[in-house]
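Student: Structure in structure tokens, see below.
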Amino acid sequence: MPEAAIDRPGPDGSANGESSLPESRQSGNSQSGSLQALLSKSPQEARQPAEALSPQLDASRIVLETCNLSMVFGGLVALDQVDFRVERQSITSLIGPNGAGKTTFFNCLTGIYPPTRGEVILTAADGSEIRLKGLPPDRITKLGLARTFQNIRLFNNLTVLENVLIGRHCRMKAGLLGALLRDRRTRAEEREAADFAYELLVAYGLDRSVNDLAKNLPYGDQRRLEIIRALATGPQVLLLDEPAAGLNISETRELRELIETVREREKVSILLIEHDMSLVMTVSHKVYVMDYGRLIAQGPPDEIRREPKVVKAYLGEE
Ligand SMILES: Nc1ncnc2c1ncn2[C@@H]1O[C@H](COP(=O)(O)OP(=O)(O)OP(=O)(O)O)[C@@H](O)[C@H]1O
Ligand SMILES: [Mg+2]
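Next up, the structure:
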């Protein structure tokens, strides 16, 4: 497969500086392997994808939407008029070749980059619509968008519990004064946050490592911790940027179970960027395909798998 044709790194040699993995983990999910998975219907994929997760998805219940979203870096159009919709409590995936604009899309949703044009609209649980464009990342987190990063970003020298507590911090009310005085209300709030964080660690299987430093966790558990920390913010939508990158087959299977459990337990919508097509095709309700910043296809996994434009984008054919 002409891998070079699908690998379009940015000026610094890596798309958005996000593509490097620890050396020991680099062979995990090659894009050529992903293409095979995209095209194949091997027995490992006989497991029915997403429709089975929730037959009652209601297309009118959109939790997150972008309209005409564009992002231009100098002369480079990284996102080109992207119209995207995430249904409440669905798993929606965004796939596409290296450099397609997927991480940039997340960065625009979460306020890291202010989009050049277009809108990002979050619909709150009460039905009110909130325009996210121009809001700072911490405000967007508080409004209900939480994310993980393509390269794991943990506080390595803090414990597992402390990492999760940092995620929870955005929901805490005590200000500087409370922190200094450590009054009863502040202490009660801290206890509640610690209980909440610990419960998440129990629910997602990291309680045994609660006092370990993040840097000492096995790689797969570090990825898991990043997801738990994002959940601690109490999101409506959880954005996962290549959570399977660097994971082996059994870790990827565990990740799939984790994603499905998170959706059900937390009642969140999940927006997944992933090169592991086997994972994408088994967990997603809907898949969007991006190439050169544009959406070139969208639909349920089975349709996407058969879509010639998608296969062509991955093969890099003219
Ligand atoms: N801050 C930036 N400044 C300039 N160009 C950027 C910036 N961020 C991203 N780009 C460019 O935008 C394009 C899309 O990059 P992006 O990281 O979004 O791709 P991606 O789909 O996430 O790729 P990958 O699958 O390799 O992670 C690339 O050409 C990249 O070099
Ligand atoms: Mg990326």
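Using the working numbering, read the sequence shown as starting at 4 and increasing by one per residue. Beta carbons are placed, not taken as given, at the ideal position from N, Cα and C, and that holds for glycine. Bear in mind that the values here come from a model prediction, so they are computed numbers and not experimental data.
Could you tell me if the beta carbon of D2 falls within a distance shorter than 7 Å of some heavy atom in ligand 2?
Tutor: A query on residue 2 cannot be resolved here, the shown segment of the chain reaching from 4 to 321 and no further.
Student: Report yes or no: do the segment 194–205 and the segment 115–135 share at least 3 C-beta pairs separated by less than 8 Å?
Tutor: no
Student: Run through the segment 127–163 for me and flag every whole alpha helix (DSSP H) of 4 or more residues, listed as ranges in chain order.
Tutor: 140–146
Student: Please go through the segment 243–305 and give each complete beta strand (DSSP E) segment of 3 or more residues, from N-terminal end onward.
Tutor: 272–276, 289–294, 297–302
Student: Straight-line CA distance for R266 to L164?
Tutor: 22 Å
Student: What is the DSSP secondary structure of T189, reduced to helix, strand or coil?
Tutor: helix
Student: Look up F87 in the DSSP assignment and give the residues it is bridged to.
Tutor: T69
Student: With the cut-off set at 8 Å, would you say S287 and Q239 are in Cβ contact?
Tutor: no
Student: Can you tell me which of Y295, P246, E306 puts its alpha carbon nearest to the alpha carbon of S73?
Tutor: Y295
Student: With a Cβ-Cβ cutoff of 8 Å, do A316 and I307 count as a contact?
Tutor: No.
Student: State yes or no: is the C-beta of Q239 nearer than 7 Å to some heavy atom of ligand 1?
Tutor: no
Student: Report yes or no: do three or more beta-carbon pairs, one from the segment 101–121 and one from the segment 141–158, lie closer than 8 Å?
Tutor: yes
Student: Rounded to whole angstroms, what is the Cα-Cα separation between M293 and G99?
Tutor: 5 Å
Student: For the alpha helix (DSSP H) containing L234, list its first residue and its last residue.
Tutor: Annotation for L234: the continuous alpha helix (DSSP H) segment containing it runs 222–235.
Student: I believe T69 touches D86 by the beta-carbon criterion, under 8 Å. Please report the beta-carbon distance rounded to the nearest angstrom.
Tutor: 6 Å
Student: Say yes only if the C-beta of T106 is nearer than 7 Å to one or more non-hydrogen atoms of ligand 2, and no if none qualify.
Tutor: yes
Student: State the CB to CB distance for the pair R174 and T236, rounded to an integer number of angstroms; the pair is presumed to be in contact (CB under 8 Å).
Tutor: 7 Å
Student: Here's the rule: buried if 16 or more other CB atoms are within 10 angstroms of the residue's CB, otherwise exposed. What is E90?
Tutor: buried
Student: Tell me, which residues are paired with L79 by DSSP?
Tutor: Beta-bridge pairing links L79 to F76.
Student: Counting C-beta neighbours from all protein chains within 10 Å, is the total for S281 16 or more, i.e. buried, or is it exposed?
Tutor: buried
Student: Identify the residues that DSSP records as bridge partners of E122: which are they?
Tutor: C70
Student: So what does DSSP say about V167, is it helix, strand or coil?
Tutor: helix
Student: Please state the DSSP three-state secondary structure of N110.
Tutor: helix
Student: Just mark K289 as buried or exposed, buried being the case when its beta carbon has 16 or more other beta carbons within 10 Å.
Tutor: buried
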